[in-house]
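The sequence shown maps to residues 293 to 568 in my numbering.
Yeah, the Cβ is synthetic: ideal placement off N, Cα and C, and Gly gets one too.
No experiment lies behind these values; they were computed from the predicted model shown.
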Amino acid sequence: MPEDGGLALVDAPRLQRAAGLARVTLGQRDGQAVLADLHQSGCAKVFLPRVHGPVPEVVFLNTAGGLTGGDRVGFSLSVASGTRAVATTQTAERAYASAGNVARLGVDLTVGAGAALDWLPQETILFDRAALDRRTAVTLAGEARLVLCEMIGLGRAAMGETVRRIWLSDRREVRRDGRPVLVEPLRLADQTLTAGAAALGEARAFATVALVARGAEDAVEPLRRLAPEGVDWAVSGWDGKCIVRLMGPDLRPVKRAVAAMLDRIRGRALPRVWQM
293 MPEDGGLALV DAPRLQRAAG LARVTLGQRD GQAVLADLHQ SGCAKVFLPR
343 VHGPVPEVVF LNTAGGLTGG DRVGFSLSVA SGTRAVATTQ TAERAYASAG
393 NVARLGVDLT VGAGAALDWL PQETILFDRA ALDRRTAVTL AGEARLVLCE
443 MIGLGRAAMG ETVRRIWLSD RREVRRDGRP VLVEPLRLAD QTLTAGAAAL
493 GEARAFATVA LVARGAEDAV EPLRRLAPEG VDWAVSGWDG KCIVRLMGPD
543 LRPVKRAVAA MLDRIRGRAL PRVWQM
């Protein structure tokens with residue numbers, strides 16, 4: 293429960309809530325990625341579409357159609373040593389108004405030694421009075437490579453929606469061989485929306501793109517040569533990381549800019565479920 297003066301969450305009647313867990317393990321056989329384990333329960337589902345290439349795509353989805361107070365959803369993916377994979381979500385995740393409890397979304401990713409994972413979920417849209425606690429934990433072994441992006445929008449600009457009350461706790465933590473290499477806690481509350489230039493300013497959408505790999509700093513200059521329109525952005529690199537931050541007036545220019553960044557970093561097409 294938030295205690296920082298943000299959206300006040302109160303005790304609410306016990307209502308039916310969505311719950312689900314989708315878990316995938318990718319192994320390797322004869323140099324090819326293969327499905328080693330699959331579990332799905334409740335509203336959390338996963339599918340592996342047919343792809344024309346050696347890198348499989350894992351697509352997670354929440355069949356509940358969104359998250360609201362009291363929902364519990366988990367996505368888990370393990371990628372074996374030496375394997376490459378791309379994981380994403382079928383569509384934008386939506387966090388709707390809470391009647392008094394917090395929705396919780398957990399993402400656990402494990403990447404074996406010498407493996408590479410691109411975690412590219414589509415955007416998360418927060419509606420007025422949404423209350424969401426999201427935790428993303430990534431475990432890397434040895435020289436594993438990770439590309440990660442997260443995009444968040446406050447309402448839908450095309451629908452004229454305004455978000456005035458919000459509570460979001462969003463924590464990303466990446467560890468390599470047990471050592472934290474990237475820890476990003478984010479908290480949004482009512483005050484954040486009115487804090488001016490010290491916070492989001494006039495922006496109502498923002499994103500992070502991260503490359504965590506040996507030599508990731510080399511990606512900084514090529515990214516700086518890009519010129520995405522309609523967003524404020526910056527890129528930095530240090531200690532095996534390249535981090536891009538973006539913000540804009542709505543999700544459309546932010547997602548377009550993120551796609552350009554990912555294209556430059558990855559050098560291949562985005563998952564087919566991304567609809568630009």
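Collapsed DSSP secondary structure at Arg556 in the structure displayed: DSSP, reduced to helix, strand and coil, places Arg556 within a helical segment of the structure shown.
Neighbour-count burial assignment, Arg468, 16 or more Cβ in a 10 Å radius: Within a 10 Å sphere around the beta-carbon of Arg468 sit 16 or more other beta-carbons, which makes this residue buried.
If you follow the alpha helix (DSSP H) that Arg464 is in, where does it begin and where does it stop? Counted as a single uninterrupted DSSP element, the stretch harbouring Arg464 is not any alpha helix (DSSP H) but the beta strand (DSSP E) occupying residues Ile458 to Arg468.
Can you grab the Cα-Cα spacing for the pair Asp531 / Arg309, in whole Å? Whole-angstrom Cα-Cα distance: 42 Å.
Within 8 Å, strictly: CB atoms of Pro348 and Leu318: The Cβ-Cβ distance between Pro348 and Leu318 falls below 8 Å.
Quick check on this structure: which residue in Gly361, Gln483 and Asp542 has the alpha carbon closest to the alpha carbon of Gly452? Comparing Cα-Cα distances from Gly452 to each of Gly361, Gln483 and Asp542, the minimum goes to Asp542.
Val574, enclosing beta strand (DSSP E) - first and last residue: Shown here, the chain extends from 293 to 568; a query on residue 574 therefore has no answer.
Give me the Cα-Cα distance between Arg506 and Gly406, rounded to the nearest whole angstrom. For Arg506 and Gly406, the distance between alpha carbons rounds to 11 Å.
How close, in whole Å, do the beta carbons of Val455 and Leu485 come, if the pair is a contact with beta carbons under 8 Å? The beta-carbon distance between Val455 and Leu485, rounded to whole angstroms, is 7 Å. This is short enough to meet the 8 Å contact definition.
Excluding the 5 residues flanking Val512 on each side, which residues of the same chain have their C-beta closer than 8 Å to its C-beta? Closer than 8 Å at Cβ, skipping near neighbours: Val527, Ser528, Gly529 and Cys534.
In the DSSP assignment, the alpha helix (DSSP H) including Thr515 goes from what residue to what residue? Reading the sequence as shown, one finds Leu at residue 515 and not Thr. Leu515 -> alpha helix (DSSP H) spans Val512 to Arg516.
Closest Cα partner of Leu424 within the set Ala436, Ala497 and Ser390: Checked all of Ala436, Ala497 and Ser390; the closest Cα to Leu424 is Ser390.
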